[in-house]
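*Asks:* Protein chains in written order, with our numbering: chain A, 1 to 486; chain B, 1001 to 1118; chain C, 2001 to 2101.
Using N, Cα and C, we set each Cβ at its ideal position, and we do this for glycine too.
Sharing a structure, written as structure tokens. Questions coming.
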Amino acid sequence: MTPSTLQTLPQGIEYVRILPEIVLSAFGIVIMLLDPLVDQRRSSRMLGTIALIGSLAAIAASQYQTQCPPGTAFWDMVRVDAFSIFFHIVVTTVTAVVILTSFEYMDVQQLHAGEYYALVLFGAVGMCLMSSAVELVLIFIALEISSISTYILAGYRRRVAISSESSVKYFLLGSFATAFFLYGVALMFGATGSTSIAKIGETLNAGPVPLLAYVAIALMFVGLGFKVAAAPFHIWTPDVYEGAPAPIVGFMSTAPKAAVFAVLLRVLFEAHAPGRLWLIWVVAALSMTLGNIGALVQDNIKRLLAYSSIAHAGYLLVAFAALPSSGIPAAMFYTAAYAAMNVGCFAVISHFASAGERRVTLEDYAGLGRRSPILAATLTLFLLSLIGIPITGGFFAKFYVFSAALQADLVGLTVIGVLNSAVGAYYYLRVIVMMYMREPREETPVAPIPFGLGAALAISGFATLYLGLLPGRVLEYARSAAALLR
Amino acid sequence: MPQNYVPIFLFIALIGVLLPVTLLAAKLVRPDNPSKAKLMPYECGIDPIDSARGRYTVRYYIVAILFVVFDVETIFLFPWAVKFKALGAFGLLEMLIFLLILVVGYIWIWKKGALEWV
Amino acid sequence: MAPITTLHYLVVAAALFVLGVVGVLTRRNVVVVLMSIELILNAVNLNLVAFSRIWGLQGQIFSIFVITDAAAEAAVGLGILIAFFRNKETVNVDEVDLLKW
Chain A
1 MTPSTLQTLP QGIEYVRILP EIVLSAFGIV IMLLDPLVDQ RRSSRMLGTI
51 ALIGSLAAIA ASQYQTQCPP GTAFWDMVRV DAFSIFFHIV VTTVTAVVIL
101 TSFEYMDVQQ LHAGEYYALV LFGAVGMCLM SSAVELVLIF IALEISSIST
151 YILAGYRRRV AISSESSVKY FLLGSFATAF FLYGVALMFG ATGSTSIAKI
201 GETLNAGPVP LLAYVAIALM FVGLGFKVAA APFHIWTPDV YEGAPAPIVG
251 FMSTAPKAAV FAVLLRVLFE AHAPGRLWLI WVVAALSMTL GNIGALVQDN
301 IKRLLAYSSI AHAGYLLVAF AALPSSGIPA AMFYTAAYAA MNVGCFAVIS
351 HFASAGERRV TLEDYAGLGR RSPILAATLT LFLLSLIGIP ITGGFFAKFY
401 VFSAALQADL VGLTVIGVLN SAVGAYYYLR VIVMMYMREP REETPVAPIP
451 FGLGAALAIS GFATLYLGLL PGRVLEYARS AAALLR
Chain B
1001 MPQNYVPIFL FIALIGVLLP VTLLAAKLVR PDNPSKAKLM PYECGIDPID
1051 SARGRYTVRY YIVAILFVVF DVETIFLFPW AVKFKALGAF GLLEMLIFLL
1101 ILVVGYIWIW KKGALEWV
Chain C
2001 MAPITTLHYL VVAAALFVLG VVGVLTRRNV VVVLMSIELI LNAVNLNLVA
2051 FSRIWGLQGQ IFSIFVITDA AAEAAVGLGI LIAFFRNKET VNVDEVDLLK
2101 W
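See the structure below:
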């Protein structure tokens, strides 16, 4: 810090620009303080309610940010504009849905709720901060806040061997990836003399690009590619998703991914990252193909959706290879649509899994259409959206991505993407066929849908349909946000 | 310049010769009658009750981990202390918020019983 | 003898980085893998401090954040490992094998 910057202390408006983060942290801290003080048996519901209020307050705070003029805060560390508010709203809404799903899950699995809700909120702090950070140091810290929270949450069923094992795997590979990202950041600092994305962009745009910058971008891409489970950095995904608690899988397959994609958009486009096109081309094609092929042979629905999430990361990256003017809005729309449908899928899974997550294989879903029509219908909606059937958000998401790719003359990549979508339809339809065409293996009634889960399903179902029927408004918003980015 | 390293190589050579010689000389000269008490790790104090390679209780690790976390977090006090005057009231307030968060963590682990000694 | 330049530090950092990566990929003990990751983070710190010679103090401030993050990560990692050990009684990577493709 130079003396001149010290004289400009943060103004009130700058605190508004990190208001969602402040709200989420405050609620997380309150939960941590209350957790040891209140009675264990009653604490679960109470702390859950506080967490829910916190996430709703954070949504309201993000909404409030739209009223304020866009700008930077804290010595150009964060920038709040339409772009970051978009991701704030995606992250905080996913957080609220996950908390609603967790109410019942914590009771059924007999887990202690205290730290759980606090960690979900702290994770959301990191993700919100990631989407508004325009400084590599802050991006790194935000990334770590969100990653460390999810490492712990992945192993939250700690008496269960596969859960703690998934946590170990996630932690080891995740911190390995973070180390790569960090090494890239250090080299970028060396190559350009700044950690501010805008300044890096200026430097790289102005003169000859030093070799160091290429290495730095590659290393940062490895780290971020790991976090969004893009091939070839996807090996951890199925194992971690299988072992982690189902609501948490819903959380970490959507919110952190959205935030990391926001970071990728900022780093790749705003910093004028050199050599990004072929890098993304290869990774996108690999992710789509490996994800879909892997999903074909899965019998466990959590593993199946893990491979599906790898494939979806691939579709999303196709938008990154396109021209910024159409690619960025398409990528933003895809993140929102994917968040809505995937968090809904895992809400259904976490309810149906029952105590000890017993029912997670595809055979268990046989005859669900008869045993619980509502549950089966909502899961069908989300799966159809994942395929990309019209009137669901998934359709327009894919449509915008592929048309953006065609505009940029990426015919090869588009063909690979469309072929992969066709392959992907097979395994999603397999689940739907299983639910409606097969005889149920057991006749015990599925537990009735509690209020919290009902609300979670309603929100994610509504969002999926809204994006499928009236995509114009969200896309228009994404366009205006993307215009600010360049 | 390589010749600057000549004294170092001389020293290394000298150690290579002197060390075996002194050890051998000591072995030849000293009286050698070990007893059980003499071979114990400590000649006085409490008798060891177990092998030193036995397992520790996991409590040691937890307390050690917690120590590392709190110890390292205080590193942030250092840049603040360097620029204390320039940062003024704003810096003080921010640092108090930071310390408050650390205190909340401390209260939490305390109440959770992570510091109880079994 | 030539004076020590920034490049020398960068070479040492790169060597540490490679050592860390090789350690992560080849070692079987989870604790050693964790130490290898810390080695990479130290390589990053060395890089940052070395670049501070050219670009000014902010690299050193950054390295303070990296140090604290490394501590937090190690603490969480060891905590996760203790939870895992209670279920499985091993810290060998080869035996982290309940979840398979």
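1) Just the Cα atoms here: how many angstroms apart are Pro448/A and Arg1055/B?
2) Roughly how many angstroms separate the alpha carbons of Phe2084/C and Pro329/A, rounded to a whole number?
3) In this structure, how does DSSP classify Val1063/B when only helix, strand and coil are distinguished?
4) Can you check whether the C-beta of Gly2023/C is within less than 8 Å of a C-beta belonging to chain A?
5) Between the C-alpha atoms of Ile145/A and Thr335/A, what's the straight-line distance to the nearest angstrom?
6) Spell out whether any CB of chain C is found under 8 Å from the CB atom of Ser4/A.
7) Taking 8 Å as the CB-CB cut-off, is Ile2040/C touching chain B?
8) What does the alpha-carbon distance come out to for the pair Ile1193/B and Leu1087/B?
9) So what does Cys78/A bridge to, in DSSP terms?
10) Taking only beta-carbon atoms, is Trp1080/B less than 8 Å away from chain A?
11) Given Leu2046/C, which residues of its chain have a CB within under 7 Å of its CB, disregarding the five upstream and five downstream residues?
12) So, using beta-carbon positions, are Phe2062/C and Val80/A closer together than 8 Å?
13) Check the Cβ of Met32/A against every Cβ in chain B and list those closer than 7 Å, keeping chain order.
14) Counting only C-beta atoms, is Ala2071/C closer than 8 Å to chain A at any point?
15) If Val98/A and Val343/A are in contact, beta carbons under 8 Å, what's the gap, nearest whole angstrom?
16) Below 9 Å on C-beta distance, what does Glu1073/B contact in chain C?
17) What three-state label does DSSP hand Asn2029/C in the structure shown?
18) Compare the C-beta of Trp2101/C with all C-beta atoms of chain A and state if any pair is closer than 8 Å.
19) Is the distance from the Cβ of Tyr117/A to the Cβ of Val2076/C below 8 Å?
20) Could you have a look at Ser194/A and say whether DSSP puts it in helix, strand or coil?
21) From this set, Tyr156/A, Phe87/A, Leu100/A, Met130/A, which residue's C-alpha is nearest Leu119/A's C-alpha?
22) Here's the rule: buried if 16 or more other CB atoms are within 10 angstroms of the residue's CB, otherwise exposed. What is Lys1085/B?
23) Whose CA, out of Gly123/A, Ile85/A, Ala229/A, lies closest to the CA of Gly314/A?
24) What's the call for Lys302/A, buried or exposed, on a 16-neighbour Cβ count within 10 Å?
25) Tell me, to the nearest whole angstrom, how far the beta carbon of Tyr1106/B is from that of Leu2078/C; I am working on the premise that it is less than 8 Å.
26) Residues of chain A with a CB under 9 Å from the CB of Val2032/C: which are they?
27) Just tell me which of Pro324/A, Arg430/A, Ala481/A has its CA closest to the CA of Ser403/A.
28) Using DSSP's beta-bridge definition, name the partner residues of Asn2092/C.
29) For the stretch 190-207 of chain A, which residues have a CB atom closer than 8 Å to at least one CB atom of chain D, in sequence order?
30) Are the beta-carbon atoms belonging to Asn292/A and Gly193/A less than 8 Å from one another?
31) With C-beta atoms as the reference, is Gly393/A less than 8 Å away from Gly472/A?
32) Determine which residues of the stretch 146-161 of chain A have a Cβ less than 8 Å from any Cβ of chain C, and write them out in chain order.
33) Would you say Gln2058/C faces chain A, with C-beta separation under 8 Å as the test?
34) Where DSSP assigns a beta bridge to Asn300/A, which residues make up the other side?
35) Against Ile2080/C, what residues of chain A qualify as contacts under a CB-to-CB distance less than 8 Å, listed in chain order?
36) Within its chain, find whatever has a CB closer than 8 Å to the CB of Ile2054/C; leave out the 5 residues flanking it on each side and keep chain order.
*Replies:* With the structure as the only source:
1) Cα to Cα, Pro448/A sits roughly 49 Å from Arg1055/B.
2) Looking at the two C-alpha atoms, the distance is approximately 42 Å.
3) Under the three-state reduction of DSSP output, Val1063/B falls in the helix class.
4) Cβ-Cβ to chain A under 8 Å: no for Gly2023/C.
5) In a straight line, the C-alpha of Ile145/A is about 21 Å away from that of Thr335/A.
6) With a pLDDT of only 43 at Ser4/A, under 50, the local geometry of the prediction cannot be trusted, and the value read off the model is given with reservation. Interface with chain C (8 Å Cβ-Cβ cutoff): Ser4/A is excluded.
7) Residue contact check for Ile2040/C against chain B: no CB pair falls below 8 Å.
8) Any property of residue 1193/B remains undetermined from this structure, which presents chain B solely from 1001 to 1118.
9) Note that residue 78/A is Val in the sequence shown here, rather than Cys. DSSP, once it has assigned bridges, lists Ala73/A, Ala133/A as partnering Val78/A.
10) Between Trp1080/B and chain A, the shortest Cβ-Cβ separation is not below 8 Å.
11) Counting only Cβ-Cβ distances below 7 Å, and skipping sequence neighbours, we find Tyr2009, Val2012, Ala2013, Leu2016.
12) Cβ atoms of Phe2062/C and Val80/A: not closer than 8 Å.
13) Those within 7 Å of Met32/A in chain B are Val1104, Trp1108.
14) Cβ-Cβ to chain A under 8 Å: no for Ala2071/C.
15) Taking 8 Å as the upper bound for CB-CB distance, Val98/A and Val343/A are in contact here, some 7 Å apart.
16) When 9 Å is used as the limit between beta carbons, Glu1073/B is near these residues of chain C: Thr2068, Ala2071, Ala2072, in chain order.
17) It is a strand residue.
18) Confidence at Trp2101/C is low in this model, with a pLDDT of 44, below 50, so its placement is unreliable and no value can be given for it.
19) Between Tyr117/A and Val2076/C, the C-beta spacing is not below 8 Å.
20) DSSP places Ser194/A outside both helix and strand once states are collapsed to three, so it counts as coil.
21) When only C-alpha atoms are compared, the closest one is Tyr156/A.
22) Under this definition Lys1085/B is an exposed residue.
23) It is Ala229/A whose Cα lies nearest to the Cα of Gly314/A.
24) Buried.
25) Actually they do not touch by this definition, with Cβ atoms about 19 Å apart.
26) By Cβ distance, chain A contributes nothing, its closest Cβ being about 11 Å from Val2032/C, past 9 Å.
27) Among Pro324/A, Arg430/A, Ala481/A, the Cα nearest to that of Ser403/A belongs to Pro324/A.
28) Answer is Asn2029/C.
29) In the structure shown, chain D cannot be found, because the protein chains are A, B and C.
30) Gly193/A sits away from Asn292/A, with the two beta carbons spaced by 8 Å or more.
31) Judged by beta-carbon spacing, Gly472/A lies beyond the 8 Å limit of Gly393/A, meaning their Cβ atoms are not closer than that value.
32) Ile148, Tyr151, Ile152, Gly155, Arg158, Arg159, Val160, Ala161: these are the residues of the stretch 146-161 of chain A whose beta carbon lies less than 8 Å from some beta carbon of chain C, given in chain order.
33) Gln2058/C counts as touching chain A.
34) According to DSSP, Asn300/A bridges with Thr361/A.
35) By Cβ distance, chain A contributes Tyr151, Ile152, Gly155, Ser164, Ser167, Val168, Phe171.
36) The residues are Thr2006.
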